[in-house]
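Trainee: Read top to bottom, the protein sequences are chains A and B. FYI, in my numbering the residues of the first sequence are 33 to 231. FYI, in my numbering the residues of the second sequence are 700 to 808.
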Amino acid sequence: MEIPYTVEAHPETGLNNGKIGIWLFLTSEVMLFGALFATFIMLRIGSDGNWAAMQAEAELNIPLATVNTAVLIASSLTMVMAWASLMRGQLGRFKVFGWLTVGCGGIFLVIKYFEYTAKFEHHHYPESSTFLAIYFAMTGLHALHVIGGMAWNAYFTGPGSKVFHTNRQWLTDRVEHSGLFWHFVDLVWIFLFPVFYLL
Amino acid sequence: MSEHVDIDKQVRIYFMVFGALMVGTAATVGAYYLEVSVPVALTIGLFIASVKASLVACFFMHLIDEKKIIYWTLALTVAFFIALMALPILTSVTDQVGDFAEVEAHEAH
Numbered sequence: 033m034e035i036p037y038t039v040e041a042h043p044e045t046g047l048n049n050g051k052i053g054i055w056l057f058l059t060s061e062v063m064l065f066g067a068l069f070a071t072f073i074m075l076r077i078g079s080d081g082n083w084a085a086m087q088a089e090a091e092l093n094i095p096l097a098t099v100n101t102a103v104l105i106a107s108s109l110t111m112v113m114a115w116a117s118l119m120r121g122q123l124g125r126f127k128v129f130g131w132l133t134v135g136c137g138g139i140f141l142v143i144k145y146f147e148y149t150a151k152f153e154h155h156h157y158p159e160s161s162t163f164l165a166i167y168f169a170m171t172g173l174h175a176l177h178v179i180g181g182m183a184w185n186a187y188f189t190g191p192g193s194k195v196f197h198t199n200r201q202w203l204t205d206r207v208e209h210s211g212l213f214w215h216f217v218d219l220v221w222i223f224l225f226p227v228f229y230l231l
Numbered sequence: 700m701s702e703h704v705d706i707d708k709q710v711r712i713y714f715m716v717f718g719a720l721m722v723g724t725a726a727t728v729g730a731y732y733l734e735v736s737v738p739v740a741l742t743i744g745l746f747i748a749s750v751k752a753s754l755v756a757c758f759f760m761h762l763i764d765e766k767k768i769i770y771w772t773l774a775l776t777v778a779f780f781i782a783l784m785a786l787p788i789l790t791s792v793t794d795q796v797g798d799f800a801e802v803e804a805h806e807a808h
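1) The alpha helix (DSSP H) spanning residue 41 of chain A covers which residue range?
2) Does DSSP put residue 185 of chain A in a helix, in a strand, or in coil?
3) If you draw a straight line from the alpha carbon of residue 231 of chain A to that of residue 122 of chain A, how long is it in whole angstroms?
4) According to DSSP, is residue 200 of chain A part of a helix, a strand, or is it coil?
5) Identify whether residue 713 of chain B lies in helix, strand or coil by the three-state DSSP scheme.
6) Once the 5 residues before and after residue 168 of chain A are set aside, which same chain residues still bring their CB inside 6 Å of it?
7) Taking 8 Å as the threshold (beta carbon to beta carbon), is residue 122 of chain A in contact with chain B?
8) So, is residue 763 of chain B buried or exposed, given that buried needs 16 or more other C-beta atoms within 10 angstroms?
9) Using a beta-carbon distance cut-off of less than 8 Å, what residues from the segment 99-116 of chain A approach chain B?
10) In chain B, which residues lie with their C-beta within 9 Å of the C-beta of residue 191 of chain A?
11) Could you list the residues in the segment 784-805 of chain B with a C-beta less than 8 Å from some C-beta on chain A, going in chain order?
12) Under a CB-based cut-off of 8 Å, is residue 62 of chain A close to chain B?
13) What does the Cβ neighbour count give for residue 711 of chain B, buried or exposed, with the cut at 16 atoms within 10 Å?
14) Taking all protein chains shown into account, decide if residue 58 of chain A is buried (16 or more other Cβ within 10 angstroms of its Cβ) or exposed.
15) CB-CB under 7 Å to residue 751 of chain B, same chain, minus the five flanking residues each way: which ones, in chain order?
16) Using only the alpha-carbon positions, how far apart do residue 213 of chain A and residue 802 of chain B sit?
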């Protein structure tokens, strides 16, 4: 049995079901991170002026986080370039940009690993302060999203790309959807970076 | 995204957006080193972050050219998100008003 509206647009929505599905998923993600940002605001307001001291004590590495921000932004560019390559029918270029995206995700995680390791070496754990608790919770959840996005992109760039020869539009749509998730992950970091490291 | 798109034009826009995002990141870090008060720093930082997020959403996520059903879904999400953000802020304001009233009552005695 063939699943309807996987490629062609549904007459009611004007979009294929995958597109609707990923956007609905992203709205739930907005609320998930929104709840954590609301928690962050609550903790910061309720810190009785100790926030800056806790932040200074955590000794977050601004240069490393700036590099990570640039890496994630670059990965967003390679992601849209991967999709654009498929739109042009260039499978080889799609794979190059796809793997570059996965690679950028990997670099982001390696840098994050060094950041976390430095914190643990200085005995800075989530239970050490309110600031570190919400820092680890939010950046950790974000890192999990990066891992998820990397797996998703790796599948479509690797084994999933075989579909290019039989159903190119299906692959192009799926890459656009995985791109939407990846850009969302980038978007969350755009707020996490100033909120934790700079403000 | 619309079916008929000029990919070459899109790619040029992607590179321009990438450049703008990098400049935005540099500006965010630069603003950190400015000698300004916390509220001003917060305003500058969040303003730049919002501009960067808008660029990602509009161009990389193709929201600038999307179907109405997506806009309506996101509008609903934004409404709930604002409510979610307002909760801790309003709680704080209510607490402060409560504290103020308590001090006034104490002084009246």
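By construction, the Cβ of each residue, glycine as well, lies at the ideal position given by its N, Cα and C atoms.
Mentor: Once the coordinates are examined:
1) Along the first sequence, read from residue 1 onward, the residue named residue 41 of chain A stands at position 9. Secondary structure note for residue 41 of chain A: it is in no alpha helix (DSSP H), with a DSSP letter that is neither H nor E.
2) If you number the first sequence from 1, residue 185 of chain A lands on position 153. Three-state result, residue 185 of chain A: helix.
3) Here the question's residue 231 of chain A lines up with position 199 in the first sequence. Here the question's residue 122 of chain A lines up with position 90 in the first sequence. Cα to Cα, residue 231 of chain A sits roughly 43 Å from residue 122 of chain A.
4) Position 168 of the first sequence holds residue 200 of chain A. In the structure shown, residue 200 of chain A falls within a helical segment according to DSSP collapsed to helix, strand and coil.
5) Here the question's residue 713 of chain B lines up with position 14 in the second sequence. Of the three classes helix, strand and coil, the one that applies to residue 713 of chain B here is helix, per DSSP.
6) Translated into the one-based positions of the first sequence, residue 168 of chain A becomes position 136. Here residue 168 of chain A has 158 as same chain residues with Cβ atoms under 6 Å from its own Cβ, once five neighbours each way along the sequence are excluded.
7) Translated into positions along the first sequence, residue 122 of chain A becomes position 90. Not one beta carbon of chain B lies nearer than 8 Å to the beta carbon of residue 122 of chain A.
8) Position 64 of the second sequence, counted from the start, is the residue given in the question as residue 763 of chain B. By the Cβ neighbour-count rule, residue 763 of chain B is exposed, with fewer than 16 other Cβ atoms within 10 Å of its own.
9) Listed in sequence order: 101, 102, 105, 106, 108, 109, 111, 112, 113 and 116.
10) As a first step, residue 191 of chain A must be located in the first sequence, where it is residue number 159. For residue 191 of chain A, no chain B residue has a Cβ inside 9 Å of its Cβ, as the nearest lies near 25 Å away.
11) Across the segment 784-805 of chain B, CB contacts with chain A closer than 8 Å involve 784, 786, 787, 788, 790 and 791, in sequence order along the chain.
12) Reading the first sequence from its first residue, position 30 is the one you call residue 62 of chain A. For residue 62 of chain A, the nearest CB of chain B lies under 8 Å from its own CB, placing it at the interface with that chain.
13) Here residue 711 of chain B refers to the residue found at position 12 when the second sequence is read from its first residue. Exposed is the call here.
14) Taking the first sequence and counting its residues from 1, the one referred to as residue 58 of chain A is at position 26. Around the beta carbon of residue 58 of chain A, 16 or more other beta carbons sit within 10 angstroms, so the residue counts as buried.
15) Against the second sequence, residue 751 of chain B aligns to sequence position 52. The residues are 720 and 723.
16) Working through the first sequence from its first residue, we reach residue 213 of chain A at position 181. Working through the second sequence from its first residue, we reach residue 802 of chain B at position 103. Approximately 50 Å between the Cα atoms of the pair.
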